[in-house]
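Visitor: Please find one structure pasted underneath; my questions will follow.
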Amino acid sequence: MITGKLIIEQVFNGLVLGCMYAAVASGLTLIWGTMKMLNFAHGEFYMLGGYVLYFALTVFGIPPAVCLLLAVVIVFVLGALVEKIAIHPLLDKPGWELSPLVVTVGISIFLQNLALKIWGESFKNVPYFLDGTAEFFGIRMAYQRMIIFFVTALVMVGFWLFIKRSKFGMGLRATAQDRDAATLMGINVKKIYTITFGISSAMAALAAALLAPIFSINPWMGNAALLKGFITVVLGGLGSFEGAILGGMILGTAESISVVVLSSEWKDVVAFAIFILVLIIRPSGLFGTKEW
Amino acid sequence: MLNLNDLDVFYGDAQALWGVSMEVREGEMVTLLGSNGAGKTTTLKTISGLLRPRKGEIRFGDVRLERTEPFSIVRYGIAQVPEGRRLFPNMTVTENLLVGAYNSRGWAGRQSTLQTVYKIFPVLQQRKSQLAGTLSGGEQQMVAIGRALMSQPAILMLDEPSLGLAPKIVEMIFQILKDIIEKGTTILLNEQNVQIALQVAHRGYVMESGRISLEGEASALIENEHVRKAYLGL
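If you read the sequences in order, they're chains A and B. Under the working numbering, the first residue of the first sequence is numbered 1, with each subsequent residue one higher. Under the working numbering, the first residue of the second sequence is numbered 1001, with each subsequent residue one higher.
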C-alpha cells in the first residue's frame, strides 16, 4: 500500500541518500573545478573512510563522533600524500595532460587490491551510532539517518563558508579561475592542489563513515560510490558546488521513491533515466559548467 | 635594481629569446618596445617566473629570480599586470584586489592598501561588489593594475596595458602610471603604442625577433631613424 506517509518517509530517506551523493560529488567537483582533472581514485578514499570508521568503532571502541573525525583527518592526510607522491610529479608536463587522470585509475586499482589483501573480502558490518527512531506526526525516522542528514548538511555549509570567506578559500577560487594569474599574486598553486585533494578525499571519507551502519564495508564499495558521484556531478554541472548538492538530492529522492512505487531493482534504472534525460535537455548539467 | 643577463628562453624546442640583457634602475620607468611576437611578453613572464630561462641570470638586488619559486617572486617586490588583464572573472572587484595581497608582502597591510587603490581608481569603489568579468575593458585594466599594487611592489611590470582600450582611457592610465612613479615605484612597461610609451618612459629597449636590437634614453629613441620608420610611421 502506497500511502502519503510512506512517500514522505521515502523522501526523507532519499534526502539522506542524496546527502551521501552530494558529499561524494562535491569532492569530485572540487577537484575538477580547481585542478581540471577527474579523480578515479575518489571511490577508494570513500572506502578507506569506511574502514577507518569500522576499526575505530568496532575494534577500538572509540565513540562515534570521534570515529568520524578520525576518518576525516586520516583520509585527508592520505589524500594529500597521494597527491604529493603520485599526481604532483605529473603536472605541468607538456604532452602529459592525461597522465594525472590515468594515474588516479592506477591508484584506484592499487588501493582496492591493497584493501583486499589486508582486510580480506568479507563484508564488515558496523552498528548504528544511535539506535531507535523518532516519530513526528506519525512519520518515523531512524536516528542514524537523521545523524547522516544533519552532519552532512552542517559540513556542506561549513565547507561553503570556508571556500567563500577564508583566505585559503580565496586562494583556491583564484587558482581555479586563473592558475597563472594566481601564481603571479603569490599563491602557491601546488600547495593549494595538495590541500584540495585532501579536502576532497576527506569529504568522501565522511560520507562513507556516516553511511557505514547502513551499507556494509568492503574493498569494492568505492566503485558504486564513484559511479553515482560522477553521475551527480555531471547532472548538476561539472565544477558546480550547488549542482553537486542539488544533483545529489534529486538522484537520492528519485531512487528512494522508485523503490516503493516500482521496486528496488528499478532504482538505478530511474537514476540513469533522469541522468540521460537531463543530458538530452541540458548537456552542460543543471547549473552548467562553472568555475569556483 | 633588476638585471637581466644574457637570457635564452625556449617554448619547448622553439627558442623565443636570444641573449637578452637589460637593466631597470630604481625610480625609473623603462619601456620594452617591439611588435607582436618580438618577445616582450616572454621577457616579463621569465622575470616573474612563469617561464624559466635555459641560460642566463636574472638578478633583483641579491636575489637570483631564475632560481626562485614563481609564487614567491612577488614577495620580493615584483608585481605583474599580465597581458589581457587575467582577472578572476567570478570574483568581485574587492576579492580580486585582495587576492593581489595574497603574499607575505601585502597581506598585513591589505585594508589600507585597498583604500589607497580605491583612491587612485574611484570608479572601482563604486563597482566593488560587482563580478570582475562583468566590468568594461578599461575598468578591468584598472582592477588589474590595482591588484598588482596590492602587494606594494618595488617594481610594477605591465604587459600591454593600452591594448584594446579607448584613447581617453589609455591617456588616463598613463597619467596614473606617472603618478605611481612619482610615489617611488619603479615601472617596467611592455608597449606596442611606441608613441605614448616613449613620451612617458625614461629609457627604452627595442626588441626584434627575440633579441634586443636597440636601447637608449627615451628622448634619443624617439629621434632614432629606425624607430621612427619602423614604429612611429614617420
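Ideal Cβ positions, reconstructed from N, Cα and C, are used throughout, including at glycine.
#1: Thinking just about the alpha-carbon of each residue, which of B:Met1029, B:Ser1021, B:Asp1008 is nearest to the one in Ile1181 of chain B?
#2: For chain B, is any of its Cβ atoms less than 8 Å away from the one on Ile31 of chain A?
#3: Does Tyr54 of chain A pass the burial test, meaning 16 or more other C-beta atoms within 10 Å, or should it be called exposed?
#4: Compare the beta carbon distance of Ser1151 of chain B and Thr1092 of chain B with 8 Å and say whether it is the shorter of the two.
#5: Name the chain A residues whose beta carbon is nearer than 7 Å to that of Glu1095 of chain B?
#6: What residues are listed by DSSP as bridge partners for Glu135 of chain A?
#7: Please work out which residues of its chain come closer than 6 Å, Cβ to Cβ, to Arg1147 of chain B, disregarding the five sequence neighbours upstream and downstream, and give them in chain order.
#8: Determine the DSSP secondary structure at Arg1075 of chain B, reduced to helix, strand or coil.
#9: Work out the CA separation of Arg1075 of chain B and Glu1215 of chain B for me, nearest whole Å.
#10: If distances are taken between C-alpha atoms only, which option among B:Met1142, B:Gln1115, B:Thr1046, B:Val1117 comes closest to Lys1055 of chain B?
#11: Thr196 of chain A and Met47 of chain A - do their beta-carbons sit closer together than 8 Å?
#12: I want to see whether chain B comes within less than 8 Å of Thr380 of chain A, judged by CB atoms only; does it?
#13: Taking C-alpha atoms, which residue in A:Ile231, A:Leu161, A:Met185, A:Phe215 lies nearest to Leu277 of chain A?
#14: Where do the N-terminal and C-terminal ends of the alpha helix (DSSP H) with Asn1005 of chain B fall, by residue?
#15: Less than 8 Å between the beta carbons of Gly1184 of chain B and Gly1027 of chain B, yes or no?
#16: Assuming Leu1050 of chain B contacts Met1157 of chain B under a Cβ cut-off of 8 Å, what Cβ separation, rounded to an integer in Å, is found between them?
#17: Any beta carbon of chain B sitting closer than 8 Å to that of Gly186 of chain A?
#18: Name, please, each residue of chain B whose Cβ falls closer than 7 Å to the Cβ of Asp178 of chain A.
#19: In whole angstroms, give me the CA-to-CA distance for Gly106 of chain A and Thr29 of chain A.
#20: Between Glu1190 of chain B and chain A, is the shortest Cβ-Cβ distance under 8 Å, so that the two count as touching?
#21: Sort B:Lys1178, B:Trp1107, B:Tyr1205 by Cα distance to Glu1191 of chain B and report the nearest one.
#22: If you run the structure through DSSP and keep just helix, strand and coil, what is Phe1060 of chain B?
#23: Comparing the C-beta of Arg165 of chain A with each C-beta of chain B, is any distance below 8 Å?
#24: Residues of chain A with a CB under 7 Å from the CB of Val1074 of chain B: which are they?
#25: With distances taken from CA atoms, which of B:Arg1228, B:Leu1017, B:Arg1203 is nearest Glu1023 of chain B?
#26: Whole alpha helix (DSSP H) runs in the stretch 29-62 of chain A with 4 or more residues, listed along the chain?
#27: Use the C-beta contact count for Ala1218 of chain B: other C-beta atoms within 10 angstroms, 16 or more gives buried, fewer gives exposed.
#28: If I follow the unbroken alpha helix (DSSP H) through Thr1043 of chain B, where does it start and stop?
#29: What does Ala142 of chain A reach in chain B if we use C-beta pairs closer than 7 Å?
#30: Under 8 Å, do Leu1002 of chain B and Leu1017 of chain B count as touching if we go by C-beta distance?
#31: Ser1129 of chain B touches chain A at which residues, Cβ-Cβ below 9 Å?
#32: Would you say Asp1159 of chain B and Thr1041 of chain B are within 8 Å of each other, going by their C-beta atoms?
#33: Between Val323 of chain A and Ala205 of chain A, how many whole angstroms is the CB-CB distance? I'm expecting something under 8 Å.
#34: Is His42 of chain A near Gly229 of chain A, with beta carbons less than 8 Å apart?
#35: Between the Cα of Gln1115 of chain B and the Cα atoms of B:Gln1125, B:Gly1106, B:Trp1107, B:Ala1108, which residue gives the shortest distance?
#36: So the beta strand (DSSP E) Thr1186 of chain B belongs to, where does it begin and stop?
Guide: Per the coordinate set shown:
#1: Considering only alpha carbons, the answer is B:Met1029.
#2: Taking 8 Å as the threshold, the shortest C-beta distance from Ile31 of chain A to chain B does not fall below it.
#3: It counts as buried.
#4: Not a contact, by the Cβ cut-off of 8 Å.
#5: Neighbours of Glu1095 of chain B on chain A, chain order: Met170.
#6: Answer by DSSP bridge pairing, in chain order: A:Arg140.
#7: In chain order, Asn1096, Leu1097, Gly1100 place their CB closer than 6 Å to the CB of Arg1147 of chain B, counting only its own chain and leaving out the 5 sequence neighbours on each side.
#8: Arg1075 of chain B falls in the helix class under three-state DSSP.
#9: Those two C-alpha atoms are separated by around 29 Å.
#10: Answer by Cα proximity: B:Thr1046.
#11: Not closer than 8 Å, so no.
#12: In the structure as shown, chain A begins at 1 and stops at 292. Residue 380 of chain A is therefore absent and cannot be evaluated.
#13: The residue with the shortest Cα to Cα distance from Leu277 of chain A is A:Ile231.
#14: If you look at Asn1005 of chain B, you'll find it isn't in any alpha helix (DSSP H); it sits in the beta strand (DSSP E) that goes 1002-1011.
#15: Yes, the pair counts as a contact, with Cβ atoms nearer than the cut-off.
#16: Leu1050 of chain B to Met1157 of chain B, Cβ: 12 Å. No contact.
#17: Closer than 8 Å: yes.
#18: Asp178 of chain A reaches chain B at Arg1086, Phe1088, counting residues in chain order whose Cβ is nearer than 7 Å.
#19: Rounded to whole angstroms, Gly106 of chain A to Thr29 of chain A spans 20 Å at the Cα level.
#20: The residue asked about is misnamed: residue 1190 of chain B is Asn in this sequence, not Glu. Residue-level contact by beta carbon fails for Asn1190 of chain B and chain A, as no gap is shorter than 8 Å.
#21: With distances taken between Cα atoms, Glu1191 of chain B lies closest to B:Tyr1205.
#22: Correct three-state label for Phe1060 of chain B: strand.
#23: It does not: the Cβ of Arg165 of chain A has no partner Cβ on chain B nearer than 8 Å.
#24: Below the 7 Å Cβ cutoff, chain A contributes Leu184, Met185, Gly186 as neighbours of Val1074 of chain B, in chain order.
#25: Comparing C-alpha distances from Glu1023 of chain B to each of B:Arg1228, B:Leu1017, B:Arg1203 shows the shortest one belongs to B:Arg1203.
#26: Fully enclosed alpha helix (DSSP H) runs of 4 or longer: 42-54.
#27: Burial call: buried.
#28: Note, Thr1043 of chain B: alpha helix (DSSP H), 1040-1047.
#29: Going along chain B, no residue has its Cβ under 7 Å from Ala142 of chain A, so there is no contact; the nearest lies around 40 Å.
#30: No, the Cβ-Cβ distance between Leu1002 of chain B and Leu1017 of chain B is not below 8 Å.
#31: Neighbours of Ser1129 of chain B in chain A, taken as residues at a C-beta separation under 9 Å, are lacking, since the least C-beta distance is about 14 Å.
#32: Taking 8 Å as the Cβ cut-off, Asp1159 of chain B and Thr1041 of chain B qualify as a contacting pair.
#33: Chain A is shown from 1 up to 292; residue 323 of chain A falls before or after that span and cannot be answered.
#34: Cβ atoms of His42 of chain A and Gly229 of chain A: closer than 8 Å.
#35: Out of B:Gln1125, B:Gly1106, B:Trp1107, B:Ala1108, B:Gln1125 has the C-alpha closest to the C-alpha of Gln1115 of chain B.
#36: Note, Thr1186 of chain B: beta strand (DSSP E), 1186-1191.
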